[in-house]
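Trainee: Just add 5 to wherever you are in the first sequence, counting from 1, and you've got my numbering. Glycine included, every Cβ here is placed at the ideal spot set by N, Cα and C. These numbers come from a predicted model, not from an experiment. Can you read through this structure? Questions will come right after.
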Amino acid sequence: MKSPKSPLGAPKPLPPYDHMSIESKWQKQWAKKKIYATKEDAKKDAFYVLDMFPYPSGEGLHVGHPKGYIATDVVSRMKRMQGHSVLHPMGFDAFGLPAENYAIKMKTNPAIAVEKNVKRYKEQLEMFGFDYDWSREINTTDPAYYKWTQWIFLKLLEKGLAYESHEPINWCPSCKTGLANEDLEDGKCERCGSVVEKKPIRQWVLKITDYAERLLADLDATEKPLMIRDTGPDAVRPGMPLEERNAVVCVVKHWSEDKFLCLRWKSNDWHGLVVGGVEKGEQLAEAAVREVREETGYQNVRFVREFAKLDSQFYQAIKKVNRFAHFTGVYLELTDDAWKDIDEKEKALHEVVWLSRAEVAGFLNRPDMNYLWDVFVGKVKAEQPALDWPTSIKELQRNWIGKSDGMIFTAPVKDTNLTIQTFSAHFEACYADTFVVIAPDHPFLSTLLEGTKDKQKVLDFCAALVAKRAQQGFAEEKESEGIFTGRYIVDPLGNGDLPIWVASFALADYGTGIVKCSAHDDRDFAFAKKYGIKMKTVLYPKDAVLAEKVSAQEVCFADAQAGVLSEPKEFAGKNARSVRKEIIAHLESKNLAKKKTTYRLRDWVFSRQRYWGEPIPVVHCEKCGVVPVPEKDLPVKLPKVKSYEPTGTGESPLAAIEKWVNTKCPKCRSKKVNGVRPKARRETNTMPQWAGSSWYYLRYMDAQNKKALVSPDAEQYWAPVDLYVGGAEHATRHLIYARFWHKFLYDIGAVSTTEPFKKLQHVGLIMAEDGRKMSKRWGNVVNPDEIIATYGADTLRVYEMFMGPFDQQIAWNTNSMIGSRRFLERVWKLVGKVQVGSAASSTGASSTEVESLLHKTVKKVAADIADMKFNTAISTLMILLNALDEQPAGVSREQYETFLKLLAPFAPHMTEELWAQLGNKTTVHLASWPVCDEAKIQEASRKIGVQVNGKVRAEFEAPGGASDAELEKLALALPEVQKWVAGKQVKKVIVVKGKLVSVVVAE
RNA sequence: GCCCGGGUGGCGUAAUUGGUAGCCGCGCACCACUUAAAAUGGUGUUCUCAAAAGGAAUGUGGGUUCGAUUCCCACCCCGGGCACCA
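This is how it looks when you write it as structure tokens:
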């Protein structure tokens, strides 16, 4: 059959889809017309989409790198079409070890190597047709940029958050520099794999630990519910987690009077009994009781009954009203009359009122409440996490910060006037402590040993332990080793004199570096057994046989959660964990210990003894000491040098550049004192790779500003970053550092938000076809240049988005790409079937079914893109394409244009070309995004499945508005159903509107 | 050891809030077009039984339910992170 004729005559022959010429043509046009220029337009909502900017290596991009960039490009294009002012910038992070090591290898200056690599990266990025506004490009190695990195350092110094330290730090012998804890992997240098040593070197350190508590707490911070701020299609997203929607509604009856307690929502005219959400793993009744206790302070609440199970039909009926969520009703009763006031802070949003029976009835009869199914409906938007981040990344940060609540014990050292402090987070069994261990590299050790007869022997032993650690890495040590110091502490808890041992497992830089030990810790127990140290038990399991073994010190029992204490006598017979609070009070009241919180997070070692980094802007003056470089003298430029190889002496190569190093003290101007001119030398350490990336997202907002790192106007317009996309490997480095700096900048008033990134989305790695990481080493790298030449950038973009869930790791498969190419070619060909006749053709050429599908697609594609579910968005577009293509009368221009708009974010070049072919003079990328017409997606009839005893036996077409009774009748009349039902007693029929009829018969 | 994810056809995956498991794509088979091939279009494609009817099936085993990929309990496997952190 020939393709249908256009009303205007014979169909034009279609040109083939020539991606090469189309893509380069439109890339030039877009650049020329500056269609992606970003503006701070007060009339539009700002939307800031950000990629983790690349670190331009010498190898260029492989096909895995751009996956995240494609995603942000798709989102930014849709948001722009939806009328937002969009900031979608790009830049380069280029200071630091990788660039420097590469330069050393290639025997070029890092500055030149970086310039070359950036150029190559930009060329590659441009081939993808991304919508960056290059006028905001940044480069961390640009003095105009790092001026502000240095400025932030000066502010940190001013506030006492940057300090010099001589403590031993991680030293990589191969890279010849100090490293932060975050730069280690398995005790080895993350860059080169060498085992790091502990080396005492003068370092600049940032006090990130001062922010540990806020970095931790803000991960869980919530935003108070904003009532219907956004009534657009985004307000209730499909796929929004149940916890966000499913709230419990409680009716709480007074214990004696005929009164009902109501938690009233005051804002937006909403009166509700909304109590809160059901948490995962929680029963409805538990949730209701818990929430009422938390919200009102009423403790004596008894669960009476649940009103009914949620009815899904009901949700269907109100689903389209985006501000409604559904709840389930629970009936509780107060068991006493103890009045409690609710929290002051909550009063603005809630109040507790008592209603009479009549009032409750009236209340429940509101139109937004539905009695019929005992399910109440109202407006609610549950408290949302302030950080819309994947739970996994939040969890990684929590682990990294490693908060631990415990107690500090202080004890005198026998025969000396010294005291020792020990930290314990598992202090419930502290009455079992019988010895103390100290780390072999503890700075206090030599003082402690002063005057003991074996001092030198112990010190030698410790030195050997430390050397062994450095050699083989910490993790590989299996069995603990130790030596008795000859000293004892006098136990404050009355267990007499406790020996102090050096133990290889003790860490000098956690807690106090000294630990009180007992039989109730696996490691301590093994250590004591090995060296025959006396032990004592105070914690026993419930099982009598096992308890006997614990008592005999045959096995170690360390489970405070399950164990029962025997000492101190105040808590004898009690479960250890449940009396934790009381033990704290007991120890504090007797002045035996103090509460203390410690963190695993260490301060950030911030200096590198390397050339390629931002110079730390301070001067060391013989007379004035450390003097910050005045702001007006920033940036302190990195000098050009001939030799930039690391020295290994603990000094950076900059130290050798006399002309640069020797300077005037900014404070005393190096004026002569008693005829001698005080010498002033610049700091020669440089900043780590992570410095520039800790604040770069702010600079894009106002990239050219010479007076401030960002102007308040620009910052307030754009901040925070609405969507941040990048690899999960940055969870404990870049993302912690950036949050730390951001909070600091907030504290000094430089930014207006407490967190930099509102929503974080991590991108799943693209693996090579062999399942390994793409790497030059394996020879499995797929080059995007070649793929683009063969298939086109649009095909590559569609393929990468269609491969699978965006956040999932997935293997590249060039063969599968053909599907995406075919899809685009079918779109290309479909333009030949577009009917360009009268206006009537838009209805004439399309059935209501296709129209309905079109509008469903409009809705789903927008929701999926906003949700980063690109694979299903494309799948939906494919389904629509199949339907449009199969229409016998061709496709209407309106349908086709809508389709092009939906596809435009994914395949910007091809859609632009087709858009122009239809005669449009303006770009598709600034056209308005299609809007779903809800009326059109209602269906006239639906397929209903019929189950008999849970098994699907038949299906039938039912009219859209059929009632439950009608559906039941229709279903039971079906012969396939009768076959299973005939002669049996029908016990129950369940009707799920629009879905299925379930018949239960007696067996 | 501890903490997160995840296990669905030959493969990548989909499944709205507990409601007809396998959408979309790849691959494969057959058909059309072609001298032929490629490309394109069409049909089919979870397994099992010769077909139909039926049965089985979402890592394993149990539970709740009229109904479970989805909720609960236990276990196995894979991926990632943390790890002498007291």
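#1: Ends of the alpha helix (DSSP H) at D529?
#2: How long is the line joining the alpha carbons of P20 and L882, rounded to whole angstroms?
#3: Based on Cα-Cα distance, which residue from L592, R528 and D410 lies nearest to G499?
#4: Where does V986 sit, in a helix, a strand or coil, going by DSSP?
#5: Given a cut-off of 9 Å, decide if N122 and A104 are closer than it, judged by their beta-carbon atoms.
#6: Could you pull out every residue in the same chain whose Cβ sits closer than 8 Å to the Cβ of C937, ignoring the five residues on either side in sequence?
#7: Could you check which residue in H447, V495, G407 and A469 has the C-alpha nearest to that of D420?
#8: According to DSSP, is T145 helix, strand or coil?
#9: Determine the burial state of E902: buried for a count of at least 16 other Cβ atoms within 10 Å of its Cβ, exposed for fewer.
#10: Residues in its own chain within less than 6 Å of A733 by CB, not counting five upstream and five downstream?
#11: Applying the 10 Å Cβ sphere with the 16-neighbour rule, what's the burial state of A794?
#12: In terms of residue numbering, what span does the beta strand (DSSP E) encompassing V1004 cover?
#13: At which residue ranges does the segment 626-668 contain complete beta strand (DSSP E) runs of 3 or more residues, listed in the order of the chain?
#14: Do you know whose CA, among S880, L885 and K874, lies nearest L858's CA?
#15: Do I109 and Q614 have their beta-carbon atoms positioned less than 9 Å apart in this structure?
#16: On the DSSP bridge list, what partners appear for N818?
#17: Taking 8 Å as the threshold, find out whether the segment 634-642 comes into contact with the segment 170-181 through three or more Cβ pairs.
#18: Are three or more beta carbon pairs between the segment 457-464 and the segment 521-541 nearer than 8 Å?
#19: Where in the segment 436-467 do unbroken runs of the beta strand (DSSP E), each at least 3 residues long, occur, reported from the N-terminal end onward?
#20: Going by the CB atoms, is the gap between Y137 and F100 shorter than 9 Å?
#21: So, Q155 versus P622, is the Cβ gap smaller than 9 Å?
#22: Excluding sequence positions up to five away, which residues of its chain have a Cβ less than 7 Å from the Cβ of G244?
#23: According to DSSP, simplified to helix, strand and coil, what is K998?
#24: Out of S62, F133 and K124, which one is the CA nearest neighbour of M111?
#25: Starting from Q900, trace the alpha helix (DSSP H) both ways and give me its first and last residue.
#26: The alpha helix (DSSP H) with A598 in it runs from where to where?
#27: Please say whether K541 and A437 have beta carbons closer to each other than 9 Å?
#28: With a 10 Å radius around its C-beta and 16 neighbouring C-beta atoms as the bar for buried, classify T340 as buried or exposed.
#29: When the Cα atoms are used, what is the spatial distance from D1 to Q814?
#30: Give me the residue from L423, F961, K764 and F749 with the minimum Cα distance to L220.
#31: Within 10 angstroms of its Cβ, does I771 collect 16 or more other Cβ (buried), or is it exposed?
#32: So what's S946 in DSSP terms, helix, strand or just coil?
#33: Start and end of the beta strand (DSSP E) containing H767?
#34: Below 6 Å CB to CB, which residues in the same chain sit around S612 once its five sequence neighbours on both sides are set aside?
#35: With Y729 as the anchor, note down where its beta strand (DSSP E) starts and where it stops.
#36: What is the residue span of the alpha helix (DSSP H) that I792 lies within?
Mentor: Reading it off the structure:
#1: For the purposes of this step, residue 529 is taken as residue 524 along the first sequence, with counting starting at 1. Its alpha helix (DSSP H) spans residues D527 to Y536.
#2: In the first sequence, counting from the first residue as 1, residue 20 sits at position 15. In the first sequence, counting from the first residue as 1, residue 882 sits at position 877. Distance between the alpha carbons of P20 and L882: 23 Å.
#3: Taking the first residue of the first sequence as 1, we reach residue 499 at position 494. The option with the nearest alpha carbon to G499 is L592.
#4: One-based indexing of the first sequence puts residue 986 at position 981. Looking at V986 - three-state DSSP - the assignment turns out to be helix.
#5: Walking along the first sequence from the start, residue 104 turns up at place 99. Walking along the first sequence from the start, residue 122 turns up at place 117. The answer is yes: Cβ separation under 9 Å.
#6: On the first sequence, position 932 is the one that residue 937 refers to. The residues are P238, H860, K861, V863, K864 and A867.
#7: In the first sequence, the residue the question calls residue 420 occupies position 415. Nearest of H447, V495, G407 and A469 to D420, Cα basis: V495.
#8: As a working mapping, residue 145 is identified with position 140 in the first sequence. It is coil, neither helix nor strand.
#9: Your numbering for residue 902 matches position 897 in the first sequence. Result: buried.
#10: Residue numbering aside, residue 733 sits at position 728 when the first sequence is read from its first letter. Here the set comprises H767.
#11: As a working mapping, residue 794 is identified with position 789 in the first sequence. Exposed is the call here.
#12: Reading the first sequence from its first residue, position 999 is the one you call residue 1004. Note, V1004: beta strand (DSSP E), L1001 to V1006.
#13: 630-633
#14: Residue mapping note: residue 858 aligns to position 853 of the first sequence, counting from 1. The option with the nearest alpha carbon to L858 is L885.
#15: For the purposes of this step, residue 614 is taken as the residue at position 609 of the first sequence. For the purposes of this step, residue 109 is taken as the residue at position 104 of the first sequence. Cβ distance not < 9 Å, so Q614 and I109 don't count as in contact.
#16: For this step, residue 818 is matched to residue 813 along the first sequence. BP columns for N818 are empty, so no partner.
#17: no
#18: no
#19: 440-443
#20: Counting from 1 along the first sequence, the entry for residue 100 is found at position 95. Counting from 1 along the first sequence, the entry for residue 137 is found at position 132. No, these two residues do not count as a Cβ contact at 9 Å.
#21: Along the first sequence, read from residue 1 onward, the residue named residue 155 stands at position 150. Along the first sequence, read from residue 1 onward, the residue named residue 622 stands at position 617. The answer is yes: Cβ separation under 9 Å.
#22: Taking the first residue of the first sequence as position 1, residue 244 is located at position 239. Annotation note: pLDDT 39 at G244 (below 50); position unreliable, no value reported.
#23: On the first sequence, position 993 is the one that residue 998 refers to. Residue state, collapsed to three classes: coil.
#24: Start at 1 with the first residue of the first sequence, and residue 111 comes out as number 106. The shortest Cα separation from M111 among S62, F133 and K124 belongs to S62.
#25: Reading the first sequence from its first residue, position 895 is the one you call residue 900. Residues R898 to L908.
#26: Within the first sequence, numbered from 1, the residue matching residue 598 stands at position 593. First-last for A598: A598 to Y604, but that is the beta strand (DSSP E), not the alpha helix (DSSP H).
#27: Within the first sequence, numbered from 1, the residue matching residue 437 stands at position 432. Within the first sequence, numbered from 1, the residue matching residue 541 stands at position 536. Contact: yes.
#28: As a first step, residue 340 must be located in the first sequence, where it is residue number 335. It counts as exposed.
#29: Only positions 6 to 1008 of the chain appear in this structure, which leaves residue 1 out of reach.
#30: Along the first sequence, one-based indexing puts residue 220 at 215. Cα-wise, what sits closest to L220 is F749.
#31: The residue given as residue 771 occupies position 766 in the first sequence. Counting Cβ neighbours within 10 Å, I771 comes out buried, since at least 16 surround it.
#32: Counting from one through the first sequence, the residue named residue 946 turns up at place 941. S946 falls in the strand class under three-state DSSP.
#33: On the first sequence, residue 767 is found 762 positions in, with the first residue counted as 1. L765 to H767 is the extent of the beta strand (DSSP E) around H767.
#34: In the first sequence, residue 612 corresponds to position 607, counting from 1. Once the five neighbours on either side are set aside, the close Cβ partners of S612 are Q208, W209 and N690.
#35: What you label residue 729 is simply residue 724 of the first sequence in a count that begins at 1. Looking at the DSSP string, the run of the beta strand (DSSP E) that includes Y729 is L728 to G731.
#36: Reading the first sequence from its first residue, position 787 is the one you call residue 792. Where I792 is concerned, the enclosing alpha helix (DSSP H) stretches over P789 to Y796.
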